[in-house]
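Chains Y and V supply the protein sequences, listed in that same order. Counting from 1, position 110 in the first sequence corresponds to residue 110 in the working numbering; the numbering is continuous, with no gaps. Going from the second sequence to the working numbering is simple: count from 1 and add 1000. Input: a single structure, listed below in structure tokens.
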Amino acid sequence: MYDPEVRVTAWVTPRSKLIDEYSAYRRLLCYLATRRFGIPEDEAGAVVQDVFVAYLRNQEQINDSKAWLIGATCNASRQFWRKRGREAKALGHIRPSAAEPLDLVRRMDAARALSMLSPRCREVLRLRFAEEYPSATIAEKLSTTVAYARKLVYQCMAATRRMMENG
Amino acid sequence: MHFEEWELLAFLDGEVELVDAEAIRAHLQSCAECAGTVKGLGEISLLLRDPLVHQDRGVGFDRLVSEFLQDDGSADAAMANLASRPVDTWSSMIVRNPAWVSESLCRLLVDAARSQYERDANRALAITDAARTVADLLQSPQSVASLRATVAKERANALRLLGRYDEALTELDWAERFLSHVPVSDFELAFVNWTRAGVLLHMTRFAEALIAAGDAIRTFTDFGDHHRAAQVQIIEAGLYYEQGDVQRALERYQQLAVHFESSGDELTLARLEANLAACEMSLDDGVAARNHAEKAIRIFARLGNTSEELRVRWTLATALLREERLEEALESLQAVHGGFKKIGMQGEAAETLLELTEIHVRRQEWDSALALARSAVEAFRQMNAPVHIADAVAWLERAVQSTNATGPLVTYVLNHVRSTTAEQFTPPSFTN
Chain Y
1 MYDPEVRVTA WVTPRSKLID EYSAYRRLLC YLATRRFGIP EDEAGAVVQD VFVAYLRNQE
61 QINDSKAWLI GATCNASRQF WRKRGREAKA LGHIRPSAAE PLDLVRRMDA ARALSMLSPR
121 CREVLRLRFA EEYPSATIAE KLSTTVAYAR KLVYQCMAAT RRMMENG
Chain V
1001 MHFEEWELLA FLDGEVELVD AEAIRAHLQS CAECAGTVKG LGEISLLLRD PLVHQDRGVG
1061 FDRLVSEFLQ DDGSADAAMA NLASRPVDTW SSMIVRNPAW VSESLCRLLV DAARSQYERD
1121 ANRALAITDA ARTVADLLQS PQSVASLRAT VAKERANALR LLGRYDEALT ELDWAERFLS
1181 HVPVSDFELA FVNWTRAGVL LHMTRFAEAL IAAGDAIRTF TDFGDHHRAA QVQIIEAGLY
1241 YEQGDVQRAL ERYQQLAVHF ESSGDELTLA RLEANLAACE MSLDDGVAAR NHAEKAIRIF
1301 ARLGNTSEEL RVRWTLATAL LREERLEEAL ESLQAVHGGF KKIGMQGEAA ETLLELTEIH
1361 VRRQEWDSAL ALARSAVEAF RQMNAPVHIA DAVAWLERAV QSTNATGPLV TYVLNHVRST
1421 TAEQFTPPSF TN
């Protein structure tokens, strides 16, 4: 039996779906724009925002959100350099890695799964993995016992896995 | 007995106080399911260590989504108001009611136009007039550009179905111009190129059509939209066929049929089967052609798509005619002609009259041939056919009346009637 705090919610309304998708994928798409296309970090956010505006406009025509967002970010990044007359540089020295798109899709799956967990569950996983806090610190932040904090981490991880497997 | 996921995770993390590590280790030796779970959880653990997968509330996007979605309700009400009036009054009603103007209303009008293409392309075109009026009245320059591009593309689709190809191309040029003002527009541009390829195919401008189709295929593939890429490939294969590379077209259709069979898109699959039949007929493989045509007919019949079903039956009947199997061709064409008449496809019904005339001419059954030729003249007259077509059919009637008509001569007239160019009719030199 899972703790009620490890609740999974679906992206039910168009509004919540769009905002959650943006929250889940924005950083990964900015990473794609900066790492693969050399877009300056302070400008990648604007590129990705434009991608999401286009996503908003075309959402009814889109069959595969993740693939679409990756494709749109790649195209928008190329367009970014074209406008600046540095296409040759952008496409010349920054070689796309063949392994990266698949890896990115998997990370997008994880981000999407996380966005469907309860806020508390998301926070637990962020503290444990992104901030790398020990169980004792997490327990303190959650005002609970160390044993329960550990168990919660594992239950939230298991829920993330289930979400990823179920798409 | 299996261990719960959290227990396996604790084991992976070396948390011996929480779980019995020895028992789990022993269990994993013999349980493939739990071993697989451990592997999957190991991957999750790695993914979660990536700070990029953790949520990031983007500043401003909530507001943008809210603005985009907030006018949905009012747009439905405005649309209901418009729907109760004749479509040619919609634009003026919108101008008189500025509160109705919203992106949502424009999108609803575009959807309404799309739903009308196959039934009434003129009405679809009239609806896009109203959509254009809404787009022009929007405040945000980016919204105006994006929606004007969408409307122009939809107008091009309607004009294509009406055979107004030059105007369709002009609309597509406008769509491209508008999209050049939209920051991320490649996906929308792919739809424009898709439509352009279809229009150019009808205009027999095959080389340009291939470039447009290729661009659309590449973009859809880039965006992970393999289904639409495959749909554009159908046009590409059609272009190979029209350019005489029937074998290449056949191979492409075969590949696409596999894709559409697995995707469950029955309508497209039926069209592909019909195209395969046309290729096989061109390659003189009558048995394969009949098999594919019959499969197409079965699917169209199941889907209740009578017009497409009749078209395939027509292709089969024409093949019988070319194979000089006149009795079978006559029977099939009579059935097809009756079917087209019944569902109001006047143009197709009139063309089948010419093919029926051809059969009687070949058999030198002049009374029957003349009666059919006269019916064809009347049918094209009722349709207000262009002068060059009316002239061609009237000339055929006279040739039949004077018993000078031949099979190749009827075919010559038919080719003129089907030609997409509006050239003046010139009687063939081989009649004298």
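C-beta atoms are modelled at their ideal positions from N, C-alpha and C, and glycine is treated no differently. A quick note: this is a predicted structure, and the numbers were derived from the prediction, not measured.
Practice task
Please list the partners that Ala54 of chain Y has in chain C, where partner means a Cβ-to-Cβ separation under 9 Å.
Solution key: Absent from the structure is chain C; the protein chains it does hold are Y and V.
Problem - Positions along the region 126-137 of chain Y whose CB lies within less than 7 Å of some CB in chain V - result: Answer in chain order: Arg126, Phe129, Ala130.
Problem - Nearest neighbour of Glu1327 of chain V, chosen from V:Arg1311, V:Ala1349, V:Ile1359 [CA to CA] - result: Measuring from the Cα of Glu1327 of chain V, the nearest candidate turns out to be V:Ile1359.
Handout entry: Buried versus exposed call for Thr1268 of chain V [16 or more other C-beta atoms within 10 Å across all chains shown]
Key = Buried, because 16 or more other Cβ atoms sit within 10 Å of the Cβ of Thr1268 of chain V.
Handout entry: For Cys1031 of chain V, three-class secondary structure by DSSP
Key = Coil at Cys1031 of chain V, not helix or strand.
Practice task
Give me the Cα-Cα distance between His1002 of chain V and Ser1262 of chain V, rounded to the nearest whole angstrom.
Solution key: Separation of His1002 of chain V and Ser1262 of chain V (C-alpha to C-alpha, rounded to the nearest whole angstrom) is 36 Å.
Problem - Val1184 of chain V vs Asp50 of chain Y beta-carbon contact at 8 Å - result: A contact, by the Cβ cut-off of 8 Å.
Exercise for the section: Find the residues of chain Y that neighbour Arg1049 of chain V, judging by a C-beta separation of less than 7 Å, and give them in chain order. Expected result: Annotation: Cβ neighbours of Arg1049 of chain V in chain Y (cutoff 7 Å, chain order): Phe129.
Exercise for the section: Identify the continuous alpha helix (DSSP H) that holds His1227 of chain V and give its terminal residues. Expected result: Looking at the DSSP string, the run of the alpha helix (DSSP H) that includes His1227 of chain V is 1226-1242.
Practice task
Report all residues from its chain with a CB closer than 7 Å to the CB of Leu1372 of chain V; omit the five preceding and five following residues, and keep chain order.
Solution key: Contacts found: Leu1353, Leu1356, Thr1357, His1360.
Practice task
Spatial neighbours of Ala170 of chain Y within its chain, please: CB distance less than 7 Å, with the 5 preceding and 5 following residues excluded, ordered by chain position.
Solution key: Chain Y is shown from 1 up to 167; residue 170 of chain Y falls before or after that span and cannot be answered.
Exercise for the section: At 9 Å on the CB atoms, spell out the chain V contacts of Lys151 of chain Y, in chain order. Expected result: Those within 9 Å of Lys151 of chain Y in chain V are Trp1006, Ala1010, Leu1018.
Exercise for the section: Taking Ala1278 of chain V as the reference, give the member of V:Gln1255, V:Asp1120, V:Thr1318 with the closest Cα. Expected result: Of the listed residues, the one whose Cα sits closest to Ala1278 of chain V is V:Thr1318.
Problem - Minimum Cβ-Cβ distance from Ala99 of chain Y to chain V less than 8 Å - result: The predicted position of Ala99 of chain Y is uncertain, since its pLDDT is 47 and thus under 50; a value taken from the coordinates is nonetheless stated next. Interface annotation, Ala99 of chain Y: not in contact with chain V, CB-CB separation never under 8 Å.
Handout entry: Proximal residues of chain Y, C-beta to C-beta of Asp1222 of chain V below 8 Å
Key = Simply Gly71, Cys74, Asn75.
Exercise for the section: Please state whether DSSP places Val1413 of chain V in a helix, a strand or coil. Expected result: Helix, per DSSP.
Practice task
Report the rounded CA-to-CA distance for Leu28 of chain Y versus His1227 of chain V, giving the unit in angstroms.
Solution key: Spanning the two alpha carbons is a distance of roughly 26 Å.
Handout entry: Chain-order list of residues whose beta-carbon lies under 6 Å from that of Pro96 of chain Y (same chain, five-residue window excluded)
Key = Because Pro96 of chain Y carries a pLDDT of 47, less than 50, the predicted location of this residue cannot be relied on, and the following value inherits that uncertainty. Taken in chain order, the residues that qualify are Arg36.
Practice task
May I have the straight-line CA-CA distance separating Asn1051 of chain V from Ala46 of chain Y, to the nearest angstrom?
Solution key: It is Pro, not Asn, that sits at residue 1051 of chain V in the sequence shown. Each residue's Cα considered, the two are about 20 Å apart.
Problem - Outcome for Val1016 of chain V when other beta-carbon atoms lying within 10 angstroms are tallied against a minimum of 16 - result: With fewer than 16 Cβ atoms within 10 Å of its Cβ, Val1016 of chain V is classed as exposed.
Exercise for the section: Taking only beta carbons into account, state which residues of the region 1152-1177 of chain V come closer than 7 Å to chain Y, listed in chain order. Expected result: Contact residues of the region 1152-1177 of chain V toward chain Y are absent (C-beta to C-beta distance below 7 Å).
Problem - the region 1339-1367 of chain V: positions lying closer than 9 Å to chain Y by Cβ - result: Flagged: no residues at all.
Problem - chain Y contact residues for Ile1044 of chain V, given Cβ-Cβ distances below 8 Å - result: One finds Ala110, Met157, Thr160, Arg161, Met164 in chain Y with Cβ atoms closer than 8 Å to the Cβ of Ile1044 of chain V, taken in chain order.
Exercise for the section: Give every residue of the same chain whose Cβ lies closer than 7 Å to the Cβ of Arg1123 of chain V, excluding the five residues on either side of it in the sequence, and list them in chain order. Expected result: Once the five neighbours on either side are set aside, the close Cβ partners of Arg1123 of chain V are Val1087, Gln1116.
Problem - Backbone CA spacing between Arg1205 of chain V and Asp1245 of chain V [nearest angstrom] - result: Looking at the backbone, the Cα of Arg1205 of chain V and that of Asp1245 of chain V are separated by about 15 Å.
Exercise for the section: Quick one: grab the DSSP three-state call for Leu1272 of chain V. Expected result: Look at Leu1272 of chain V here: in three-state DSSP terms it is helix.
Practice task
Kindly indicate the opening and closing residues of the alpha helix (DSSP H) around Ile62 of chain Y.
Solution key: Looking at the DSSP string, Ile62 of chain Y is not in any alpha helix (DSSP H), and its letter there is neither H nor E.
Practice task
Select from the region 15-33 of chain Y all residues with a C-beta closer than 7 Å to any C-beta belonging to chain V, and list them in chain order.
Solution key: Taking 7 Å as the Cβ-Cβ cut-off against chain V, the residues of the region 15-33 of chain Y that qualify are Arg15, Leu18, Ile19, Tyr22, Ser23, Ala24, Arg26, Arg27, Leu28, Tyr31.
Practice task
Kindly indicate the opening and closing residues of the alpha helix (DSSP H) around Asp1215 of chain V.
Solution key: In the DSSP annotation of this structure, the continuous segment of the alpha helix (DSSP H) that includes Asp1215 of chain V starts and ends at 1206-1222.
Exercise for the section: Drop a sphere of 10 angstroms on the beta-carbon of Glu1365 of chain V, count the other beta-carbons inside from all chains shown, and report buried for 16 or more, exposed for fewer. Expected result: The residue in question, Glu1365 of chain V, is exposed, as its Cβ has fewer than 16 Cβ neighbours within 10 Å.
Exercise for the section: Determine whether the Cβ of Leu114 of chain Y lies closer than 8 Å to any Cβ atom of chain V. Expected result: Yes - at least one Cβ of chain V is within 8 Å of the one on Leu114 of chain Y.
Handout entry: For Met1345 of chain V and Asn1305 of chain V, the rounded distance between their alpha carbons
Key = Rounded to whole angstroms, Asn1305 of chain V to Met1345 of chain V spans 13 Å at the Cα level.
Exercise for the section: Check each candidate in V:Asn1193, V:Glu1397, V:Asp1186 and name the one with the smallest Cα separation from Tyr55 of chain Y. Expected result: Nearest of V:Asn1193, V:Glu1397, V:Asp1186 to Tyr55 of chain Y, Cα basis: V:Asp1186.
Practice task
Let me know if Gln1255 of chain V comes out buried or exposed under the rule of 16 or more other beta-carbons within 10 Å of its beta-carbon.
Solution key: With fewer than 16 other Cβ atoms within 10 Å, it is exposed.
Practice task
Below 7 Å CB to CB, which residues in the same chain sit around Ser23 of chain Y once its five sequence neighbours on both sides are set aside?
Solution key: If we look at Ser23 of chain Y and ignore the five residues flanking it on each side, its Cβ neighbours are Ser115.
Exercise for the section: Work out the CA separation of Asp103 of chain Y and Val1199 of chain V for me, nearest whole Å. Expected result: Their Cα atoms are separated by approximately 40 Å.
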